[in-house]
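Student: Numbered according to the numbering used here, the sequence shown spans residues 4 to 384.
Each residue gets a CB set at the ideal place from its N, CA and C atoms; glycine is no exception.
Bear in mind that the values here come from a model prediction, so they are computed numbers and not experimental data.
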Amino acid sequence: MPPPPIANVAPAPPPVSHAPFAIFGRLVDEEGRVVRTLPGIGEADVAEPVGSDRYRIRGQILDAATGALAPERVPAAIATIDSQQEAYALERYRADGAPAWTVPLHGWRSLRPPELAVGGGRVVISFDHDVRAFDAQTGAPSWAANDDDGSRLEIGGDTAYYVKCNEPTHDHWLIGRALADGAERFRAALPAPCDPWIRVGDRHVIVINEGHSPTTTVFDLAGRELYRLSELVGGSLEVPHGAGSDLLLVTDQHIERIGDDGAVRWRLGRPESTFVADDDFVALPTGEVVIANYGAIDDGGIDVMRIATDDGRIAWRTHVPGLGVGHSEYFQSVYARARGAALFVISQAAGGWYMERLSLATGARERRCGAGTPACAAARR
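What follows is the structure, given as structure tokens:
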């Protein structure tokens, strides 16, 4: 007797969202049709993705799948009472937006945001040359790091991270403090000059110094310096590697994957946009990543590429042209989404908006839509 047929047990493909995209104050479907205009949203109000189908826009959170708009609930804020008298207040809010507690503050307010972070049961602020923490439930003072002049405050896990810069003595530090009691976990030296931005990821802290001699310094979460680059990072993505992770970096000089030991796994030449540049990433289940590289204040278009993260092999690379707007009056924000066999790249810019549909397999430009266009047209290759 022949054996029974083997059942097809191949897993079903993951579901693909077909919710419309948020582009300024519009919901736009995959065919480029405006299906809804959002009330009270202006032409310069950029829809910032905060999830697969969720966007932050003009102080609201939009669910593009349902079209629902809800006020964005910030967990806490520093309110100005009288800036001339240096009178402020730390205000904590409940989930419904109602006040939970208020603590009066008096002194000098930080000029380098973010100056407030919430996490780990604490509300932490950088205020009047100090870093202070309050119990998130009651507002009771938890701890204070006096005279720390903290700036660029971020929370990651159970640690508050910030930068301390003493210009007269040229002492520049990345500092980590335990959220629970304020104990200093590390104080890591930074290169001068010091007016950096920091990014806290799942496994890394990236400190980016801009200027004529840009420097990027990468630390682990315990404050151990891993490596330093004479490059300005625009976009970064943590890539799994064994029990840890590497960093995929898009800089003003390279696209590169670097291990925690500082070893360069692979390195490609510079991306198209390097001046005030930014990047969006789409991680694919194949282990590849799509990078959309663009200038935030120029009309140079979008450099889109599909790269294998293990060896840096470029599967394809495509240039999506811009709108032809002068850079002195320009801003641009770009995001990308993979849906089935298609890759959608959306630009919200001073000159209008456009959406390109590309083949995810080949990078071929298939369709282009934009403001004032009744329907998507075949892209000019």
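I'd like to know whether the C-beta atoms of Glu259 and Asp205 end up nearer to each other than 8 angstroms.
Tutor: no
Student: Below 8 angstroms, can you find three or more Cβ-Cβ pairs linking the region 206-221 to the region 280-293?
Tutor: The region 206-221 is not in contact with the region 280-293.
Student: With three or more C-beta pairs closer than 8 angstroms as the rule, is the region 131-150 touching the region 107-122?
Tutor: These segments touch.
Student: Rounded to whole angstroms, what is the Cα-Cα separation between Tyr402 and Arg268?
Tutor: One cannot answer for residue 402 here, as it falls past the ends of the chain, which runs 4 to 384.
Student: Would you kindly report the start and end of the unbroken beta strand (DSSP E) that includes Phe189?
Tutor: Note, Phe189: beta strand (DSSP E), Glu187 to Ala192.
Student: Look up Asp283 in the DSSP assignment and say whether it is helix, strand or coil.
Tutor: strand
Student: Starting from Phe347, trace the beta strand (DSSP E) in both directions and tell me its first and last residue.
Tutor: Ala345 to Ala352
Student: Where does Trp111 land, buried or exposed, given buried means 16+ other C-beta within 10 angstroms?
Tutor: exposed
Student: DSSP has Gly122 in a bridge; who is on the other side?
Tutor: Arg125
Student: Roughly how many whole angstroms lie between the Cα atoms of Ala68 and Phe27?
Tutor: 16 angstroms
Student: If you follow the beta strand (DSSP E) that Leu229 is part of, which residue opens it and which one closes it?
Tutor: Note, Leu229: beta strand (DSSP E), Glu228 to Leu232.
Student: Hey, out of Ala318, Leu250, Asp198 and Leu177, whose CA is closest to Arg227's CA?
Tutor: Leu177
Student: So what does DSSP say about Gln63, is it helix, strand or coil?
Tutor: strand
Student: Could you tell me which residues DSSP pairs with Asn212 in its beta bridges?
Tutor: Thr218
Student: What is the rounded straight-line gap between the Cα of Phe189 and the Cα of Arg180?
Tutor: 7 angstroms
Student: According to DSSP, is Ser113 helix, strand or coil?
Tutor: coil
Student: Below 8 angstroms on the Cβ atoms is my contact criterion, and I expect Arg61 with Ile44 to pass it. Report the Cβ-Cβ distance as a whole number of Å.
Tutor: Right, the Cβ-Cβ distance comes to about 6 angstroms (below 8 angstroms), so this counts as a contact.
Student: Could you check whether Ala79 and Leu65 sit closer than 8 angstroms to each other, using their CB atoms as the reference points?
Tutor: no
Student: Looking at the strands, I want to know which residues DSSP matches up with Cys168.
Tutor: His175
Student: Could you tell me the alpha carbon to alpha carbon distance between Ser331 and Pro42, rounded to whole angstroms?
Tutor: Low per-residue confidence applies at Ser331: pLDDT is 49, beneath 50, and the placement is therefore not dependable, though the value from the model is reported in the following sentence. Distance between the alpha carbons of Ser331 and Pro42: 29 angstroms.
Student: Can you find the residues in the same chain that come closer than 6 angstroms, C-beta to C-beta, to Gln87, ignoring five residues on each side of it along the sequence?
Tutor: none
Student: Under DSSP, the beta strand (DSSP E) around Pro144 begins and ends at which residues?
Tutor: Pro144 to Ala148
Student: Among Pro324, Thr277 and Leu224, which residue has its Cα nearest to the Cα of Thr162?
Tutor: Leu224
Student: DSSP three-state call for Val106: helix, strand or coil?
Tutor: strand
Student: Inspect the beta-carbon positions of Val253 and Ile294 and report whether they are closer than 8 angstroms.
Tutor: yes
Student: Please identify the residue among Ile310, Ile300 and Arg36 whose C-alpha is closest to the C-alpha of Arg270.
Tutor: The residue with the shortest Cα to Cα distance from Arg270 is Ile310.
Student: Give me, in chain order, the residues of the same chain whose beta-carbon lies closer than 7 angstroms to that of Ser55; leave out the 5 immediate sequence neighbours on both sides.
Tutor: Ser20
Student: If you check the beta carbons only, do Arg231 and Thr220 fall under 8 angstroms apart?
Tutor: yes
Student: Can you tell me the Cα-Cα spacing of Val307 and Ser145, whole angstroms?
Tutor: 47 angstroms
Student: How would you call Ala192, buried or exposed, if buried means at least 16 neighbouring beta carbons within 10 angstroms?
Tutor: exposed
Student: In three-state DSSP terms, what is Thr365?
Tutor: coil
Student: Indicate the three-state DSSP secondary structure (helix, strand or coil) for Pro52 in the structure shown.
Tutor: strand
Student: Relative to the C-alpha of Asp150, which residue among Asp184, Glu157, Gly159 and Asp133 is closest?
Tutor: Asp133
Student: Quick one: Cα of Ala147 to Cα of Gly185, how far?
Tutor: Rounded to the nearest whole angstrom, the C-alpha separation of Ala147 and Gly185 is 7 angstroms.
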